[in-house]
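Participant:
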Amino acid sequence: MLCSLRRLFHRYLRREDGSVAPLIGFSALGLIALMGFAVDVGRAQFVQAKLLNAADAGGLAAGSRINSTNVQEEVEQFVRANFPDGYADAHIVDVKASVNAAQTTITVNASAKVPTTFMRLLGFKSLTVSAYSEVTREMGGLEVVMVLDNTGSMLGTKLSSLKNAANELINILFGDDSVGQNLYVGLVPFSQAVNIGPANSSWLSPDPSTKDFAQSEGYHWNGCVEARPDGEDVTDTPPTRGNEYLFAPYWWPYPTNYSSTKRNETVNNWARSITTPGACTRRCVEYFWFICTKYEETCEPDDVDVIYNTPFNEDFGPNKNCPQELTPMTSSKQSILGAINSMKAVGGTHINLGAVWGWRMLSPSWRGLWGGDMAAHGLPLDYDNELMDKAVIIMTDGQNTEYGKQNSNPDVYFYSAYKTLPDDMLGTTWDANAAAGELDDRLEAVCTSMKNAGILVYTIAFGSDVDNSTKSMMRRCATQSEYFFDSPSSSELTTAFKQIGDSLSELRVSR
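Each step along the sequence shown adds one to the number in my numbering, with nothing skipped, and position 190 is 1078.
1) Tell me where the alpha helix (DSSP H) around residue 1242 begins and ends.
2) Out of curiosity, what's the CA-to-CA distance linking residue 1146 and residue 1322?
3) Once you ignore the five residues that flank residue 1385 on each side, which residues in its own chain have a CB closer than 7 Å to its CB?
4) Ignore the nearest five residues each way along the sequence and tell me which others in residue 1307's own chain have a CB closer than 7 Å to its CB.
5) Tell whether a beta-carbon distance below 8 Å holds between residue 887 and residue 990.
6) Keeping to the same chain, check which residues put their C-beta closer than 7 Å to that of residue 1108; ignore five residues upstream and five downstream.
7) Could you compute how far the alpha carbon of residue 976 sits from the alpha carbon of residue 933?
8) State yes or no: is the C-beta of residue 1217 within less than 8 Å of the C-beta of residue 1051?
9) Indicate the three-state DSSP secondary structure (helix, strand or coil) for residue 1219 in the structure shown.
10) Assuming contact is defined by CB atoms lying nearer than 8 Å, are residue 1286 and residue 1354 in contact in what I supplied?
11) Considering only DSSP beta bridges, list what residue 1115 is partnered with.
12) Please list the segments of the beta strand (DSSP E) lying wholly inside the segment 1004 to 1062, counting only runs of 3 or more residues, in order along the chain.
13) Below 8 Å on the Cβ atoms is my contact criterion, and I expect residue 1209 with residue 1327 to pass it. Report the Cβ-Cβ distance as a whole number of Å.
14) For residue 1401, does the three-state DSSP call read helix, strand or coil?
15) Between which two residues does the alpha helix (DSSP H) holding residue 1369 run?
16) Touching or not, the segment 1032 to 1047 and the segment 1012 to 1022, by the rule of three or more beta carbon pairs under 8 Å?
17) Going by DSSP, which residues form a beta bridge with residue 1293?
18) Please identify the residue among 960, 1004, 1346 whose C-alpha is closest to the C-alpha of residue 988.
19) Relative to the C-alpha of residue 1121, which candidate in 1243, 1227, 1349 has its C-alpha closest?
20) Between residue 992 and residue 986, which are expected to be in contact by the criterion C-beta below 8 Å, what is the C-beta distance as a whole number of angstroms?
21) Indicate the three-state DSSP secondary structure (helix, strand or coil) for residue 1382 in the structure shown.
22) From residue 1211 to residue 1041, what distance separates their C-alpha atoms?
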């Protein structure tokens, strides 16, 4: 059969009557047309692949900022940036972007015209190619802790702005879900101390119940703790009963006995530094108002029988300037919103303490200590868990501060989680500026440890009172410079929280 076809083909080639020439000519034209069609279609497919990549890039870029940008504008900008005009002589015709009602999926449709080379001989001057991309915002596992400034300078509109901005973040992360899917958010309000909560008294030494206070309505320790000494204030070492890693309860050392004609306040009969019984000497000092006090480091105070009718609170008594209790990570949207909206502004600024407690909430070394959702779900997970990311957001409206004597009084010092300056927990017994610089160094040490562990660190400087040195420190503290947000105004603070919320959303191209 093959030999017969070969002989037939050779007979056509040897014929001289001309009847075969047109057939060969038409066949050649057909072959050329097919080759030209293949070239033009191949180029169109090449352009379409490039356009699809550009559509994916546009959807991903807009998806990461879906709550804080014009999606159509963002998508078109990235599509055109990734598909330059004239690429393979093609030109974009149209780009359309849409977002579903839940703001979880971005759909991108793009089209481009590709000029033809051979097919134009047949009347087809160009080919139109299309690309479709669907980008789904998908929350991967996330543990995130907000470390938020609750100091006295935040009082009023600043604190309201912070609450609103933090609410925006929570709404972005949770969406319409009342319970996060593999999402856990914690809150660490800080001032000059951090409040771990009375329920965690097993982390303390000594037990706060041993302190005796005189007042009319009953009293208990509110939950603030002092910083651990000997470098342990920058570590995530967990507290273990019987060792040196326990925490001392925070007790503002008010004078142990006083009378006042200006205010009726509750008094205590225990001073933090008094441990040894002995003789006491009564003396008078000025401590915001005139008081008569008995306060000696070498003696145990006598029983106090003076009782006033004003209970202790965050403005007076041993819990002075103790902020709101922290909230361990939870999957409950309502719980974390309630904690945010309950924040109060009190006290001075120790950013490093907020940061280290944020780290402890994320550290697997503390697994099993926090209770609640964290205990129920075995949190925090290990650092190298591929299914869970960890992040911390540190926000402040000012610089670290430490103070010396109160109202230029030689007998009374400002108290914080680092006790008083003479206690020498910050490398100086008298220089408040040097002590503040030490707080800065300790913040940077904590940030470095978190970043080395793989925790994403976002930082925010809020308001116009943050000096340039603190801004630089907060920028260095962040995972990278893009993770630092300078937010002079309330609107910029809200934008910062929105952008952080968006960036914490893990994206995937679903089609």
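For each residue, glycine too, the CB sits at the ideal point set by N, CA and C.
Facilitator: Walking through what the data contain:
1) Reading the sequence shown from its first residue, position 354 is the one you call residue 1242. Start and end: 1239 to 1250.
2) Looking up residue 1146 in the sequence shown gives position 258. Looking up residue 1322 in the sequence shown gives position 434. For residue 1146, the pLDDT reaches just 40, beneath the cut-off of 50, and the residue's location in the model is therefore unreliable, although a value from the coordinates is still provided. Cα to Cα, the separation comes out at about 33 Å.
3) Sequence index remark: in the sequence shown, residue 1385 carries index 497 (1-based). Cβ within range, chain order: 1053, 1054, 1056, 1057.
4) As a first step, residue 1307 must be located in the sequence shown, where it is residue number 419. Counting only Cβ-Cβ distances below 7 Å, and skipping sequence neighbours, we find 1114, 1313.
5) A question about residue 887 goes unanswered here, because the residues of the chain that appear run from 889 up to 1399.
6) Looking up residue 1108 in the sequence shown gives position 220. Hits under 7 Å: 1086.
7) On the sequence shown, residue 976 is found 88 positions in, with the first residue counted as 1. On the sequence shown, residue 933 is found 45 positions in, with the first residue counted as 1. Their Cα atoms are separated by approximately 11 Å.
8) Residue mapping note: residue 1217 aligns to position 329 of the sequence shown, counting from 1. Residue mapping note: residue 1051 aligns to position 163 of the sequence shown, counting from 1. No, Cβ-Cβ distance for residue 1217 and residue 1051 is not below 8 Å.
9) Along the sequence shown, one-based indexing puts residue 1219 at 331. Note: residue 1219 maps to coil in three-state DSSP.
10) The sequence position of residue 1286 within the sequence shown is 398, counting from 1. The sequence position of residue 1354 within the sequence shown is 466, counting from 1. Against a cut-off of 8 Å, the Cβ pair of residue 1354 and residue 1286 comes out as a contact.
11) Your numbering for residue 1115 matches position 227 in the sequence shown. Its beta-bridge partners do not exist; DSSP assigns none.
12) 1014 to 1025, 1029 to 1037
13) Position 321 of the sequence shown holds residue 1209. Position 439 of the sequence shown holds residue 1327. With a Cβ gap of about 15 Å, residue 1209 and residue 1327 do not count as contacting.
14) The displayed coordinates of the chain run from 889 to 1399. Any statement about residue 1401 would go beyond what the structure contains.
15) As a working mapping, residue 1369 is identified with position 481 in the sequence shown. No alpha helix (DSSP H) contains residue 1369, which DSSP labels as neither H nor E.
16) Not touching, per the Cβ criterion.
17) The residue you call residue 1293 lines up with position 405 of the sequence shown. DSSP output for residue 1293 lists 1301 as bridge partner(s).
18) Along the sequence shown, read from residue 1 onward, the residue named residue 988 stands at position 100. Comparing Cα-Cα distances from residue 988 to each of 960, 1004, 1346, the minimum goes to 960.
19) Sequence index remark: in the sequence shown, residue 1121 carries index 233 (1-based). Considering only alpha carbons, the answer is 1243.
20) Position 104 of the sequence shown holds residue 992. Position 98 of the sequence shown holds residue 986. Actually they do not touch by this definition, with Cβ atoms about 12 Å apart.
21) Position 494 of the sequence shown, counting from 1, holds the residue named residue 1382. Helix.
22) To locate residue 1211, count along the sequence shown from 1; it is residue 323. To locate residue 1041, count along the sequence shown from 1; it is residue 153. One C-alpha to the other measures close to 13 Å.
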